[in-house]
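Step one of this worksheet: look at the structure below.
Numbering (this note's numbering), first residue to last: 112 to 283.
Have a look at this one:
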């Protein structure tokens, strides 16, 4: 095989001598010529074709890694969107919690004022009791007023009688 390669290299290097020579290598004119050896270096090892199995594995791994990276990118994008939505929900919940807290504080203040007013006002039972006491006091004063009036009338009668009679008996 090496001789075939050398011969083909010789033919390429000397096209004129090749045209004059014959195809049979045992002929005389070809033997008389000195063979020219061209240093072509180390022959390159032919590349092995990638087999179907190896190509399938490489293709599978390349496709899988591409699909995994796209899936990871999409998953990260969805995670970011979900995180933003969750943050917006938390902010909205915080605002509504602050509003509810403000309403609760207002309700507590109103309840405190209502309790203070309830403590300072009179209940129906106390009002009825006070009304009964005032009525008793009024009735007692009315009775005393009537007794005083009767006493004054009696003194007036005695005074008129004393003036008409010249007696000095006084009713007390």
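Note that the Cβ used here is the ideal one computed from N, Cα and C, for glycine as well.
For residue 265, name the three-state secondary structure that DSSP assigns. DSSP places residue 265 in helix when its eight states are reduced to three.
So for residue 223, helix, strand or coil by DSSP? Of the three classes helix, strand and coil, the one that applies to residue 223 here is helix, per DSSP.
Where does residue 251 sit, in a helix, a strand or coil, going by DSSP? helix
Is the Cβ-Cβ distance between residue 233 and residue 241 less than 9 Å? yes
Under the three-state DSSP convention, the category residue 188 falls into: helix
Residue 234 in three-state terms, based on DSSP: coil
Assigned secondary structure, residue 156 (DSSP; H/G/I helix, E/B strand, else coil): coil
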